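One structure is given below, encoded as structure tokens.
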Ligand code: SF4
Ligand code: SF4
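In my numbering, the protein residues as written are 146 to 603.
Put into structure tokens, the structure is as follows:
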């Protein structure tokens, strides 16, 4: 579009509107909020432990709450990585370091029951096996993880020869060379009950998990047969090298059309039938083992946690960051951060980097004794407020309360904004039928001249 005259006209109007508003501007005083220099971390997997250690090593007291009876989360289902990292050893070291750190207090088999307050000044009630405790803290990091999806198709849970990738990985971690015989056939199917209407997202990690397990089988017995049936293979970045290794070692990669998903015939033996589009034929592969790549599913409690912390969950059930590029580990609620698989399925290394980033962002709040409150907060003019409570019901951050007080021997009810909680979204201002609630920097008497200006000049 190349319309310089219209663009200049628009620029002039915008400047005129701003000048019209400027005449009514008033100084805004930023309130100072005291900061409790302590953190609460929800979730004790690799992301939660990394964030806790990172904050504790910077000198901040951290309380780590894990709902299971032991720390580790999804790491308990990972036994090795494709580049040879011993995950059980890494997990043992992390758990030991976290549990023994003098600034980290760990509560397992525990859950956050309630939360009050705002950035810099939260008060949580935590249900622990020995009773409820309360904890005051300035920031929160959510790292509640995700779990492997258990499928309902391909005779899973009915036939012991049908396993998920994590279950195969567990078996492979203890098998010896002699346990896999020549010609023993493993057929892997990717994207099982994934990337469809019900679970439309890609879990990103399962293609690499399949390649990793295929390489492990070939390492144990190069004469074993591995067929990997995929939709699109997501071995991105330098992981492409392992895909090439697998091909060179004889792993057979077959693509399938999502409209013609592989089928299983399970009578005496297992036979996987797949239409191969390149050769245009239906292949029948007899299998000793059928391995299903099902990806990760979000924690079913994410919605409940999201409600408690006033942070959003996306349509897939994972937590949604404030901005994918500009604020990738922040929630839109100030002082609350996200890390690990509860945000989106990711590799262990990515969870560690994200947890370090979340801890660094949390430290930007914890490092000072006070914090400047959001300047453009809402406020109520008590003289106009009828106490109808409409603003309370629309505020997405529960920043407004109903106050009852006695004025000139009369009981009056009105709304009151908690400036620590208010995020300056303006929703309450547009809902108030009495124009009693206004937003600093966007008062009616500042906005109306802008509208008048534009209507005069058009
Ligand atoms: S501006 Fe938004 S966050 Fe603040 S009180 Fe109004 S509705 Fe709540
Ligand atoms: S909506 Fe307006 S009038 Fe009603 S309680 Fe809120 S500020 Fe008062």
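The beta-carbon is built from N, C-alpha and C at its ideal position, and this holds for glycine as well.
Since the model is a prediction, treat every value here as computed from it, not as a measurement.
Residue(s) in a DSSP beta bridge with residue i
i           : result
residue 259 : 270
residue 397 : 372
residue 331 : 371 and 434
residue 547 : 560
residue 231 : 225
residue 592 : Partner(s): none; residue 592 has no beta bridge.
residue 240 : Answer is none; residue 240 lacks a bridge partner.
residue 419 : 428
residue 411 : 415
residue 177 : 517
residue 555 : 552
Closest Cα partner of residue i within the set the options
i           : options               : result
residue 553 : 535, 561 and 528      : 528
residue 466 : 446, 503 and 511      : 503
residue 284 : 323, 506, 319 and 254 : 506
residue 539 : 508, 578 and 252      : 578
residue 488 : 291, 208, 344 and 595 : 291
residue 604 : 273, 155, 266 and 197 : Residue 604 falls outside the range modelled here, since the chain spans only 146 to 603, and no answer is possible.
residue 359 : 531, 210 and 317      : 317
residue 450 : 173, 269 and 215      : 269
residue 324 : 366, 306, 342 and 314 : 366
residue 388 : 474, 412, 401 and 363 : 363
residue 543 : 483, 598 and 260      : 260
residue 197 : 589, 499 and 576      : 499
residue 220 : 422, 232, 228 and 416 : 232
residue 479 : 178, 170, 149 and 164 : 178
residue 191 : 522, 495, 454 and 561 : 495
residue 455 : 491, 267 and 298      : 267
residue 114 : 600, 530 and 563      : In the structure as shown, the chain starts at 146 and stops at 603, and residue 114 therefore has no counterpart that could be examined.
residue 422 : 438, 402, 229 and 165 : 402
residue 417 : 404, 483 and 437      : 437
residue 512 : 170, 265 and 426      : 265
Three-state secondary structure (DSSP) of residue i
i           : result
residue 136 : Residue 136 is absent from the model: the chain starts at 146 and stops at 603.
residue 264 : coil
residue 581 : coil
residue 443 : strand
residue 360 : helix
residue 249 : strand
residue 567 : coil
residue 349 : coil
residue 169 : coil
residue 586 : coil
residue 388 : helix
residue 379 : coil
residue 254 : coil
Whole-angstrom distance between residue j and residue i, CA atom to CA atom
i           : j           : result
residue 223 : residue 296 : 19 Å
residue 153 : residue 147 : 12 Å
residue 369 : residue 321 : 13 Å
residue 558 : residue 545 : 13 Å
residue 327 : residue 350 : 29 Å
residue 333 : residue 514 : 55 Å
residue 257 : residue 393 : 50 Å
residue 347 : residue 288 : 20 Å
residue 573 : residue 183 : 32 Å
residue 399 : residue 354 : 17 Å
residue 481 : residue 155 : 39 Å
residue 276 : residue 202 : 29 Å
residue 463 : residue 193 : 16 Å
residue 409 : residue 356 : 21 Å
residue 396 : residue 330 : 11 Å
residue 469 : residue 441 : 20 Å
residue 312 : residue 435 : 11 Å
residue 279 : residue 541 : 25 Å
residue 413 : residue 235 : 42 Å
residue 300 : residue 307 : 7 Å
residue 195 : residue 458 : 23 Å
residue 587 : residue 209 : 40 Å
residue 536 : residue 555 : 23 Å
residue 345 : residue 583 : 42 Å
residue 493 : residue 230 : 11 Å
residue 309 : residue 372 : 15 Å
residue 571 : residue 523 : 7 Å
Short CB-CB distance (under 9 Å) between residue i and chain B
i           : result
residue 159 : Of the protein chains in the structure, only one exists, and it is not chain B.
task: Scan the stretch 457-537 and note each continuous beta strand (DSSP E) run of 3 residues or more that stays entirely inside, going in chain order.
output: Fully enclosed beta strand (DSSP E) runs of 3 or longer: 481-483, 515-517 and 523-525.
Inside the stretch 179-219 only - alpha helix (DSSP H) runs reaching at least 4 residues
Taking only runs of at least 4 residues, the alpha helix (DSSP H) segments lying wholly in the stretch 179-219 are 191-202.
Open item on the list: I'd like the ranges of any beta strand (DSSP E) spanning at least 3 consecutive residues and lying wholly in the stretch 270-346.
Closed with: Complete beta strand (DSSP E) runs here, min 3: 276-282, 284-287, 291-293, 307-309 and 330-334.
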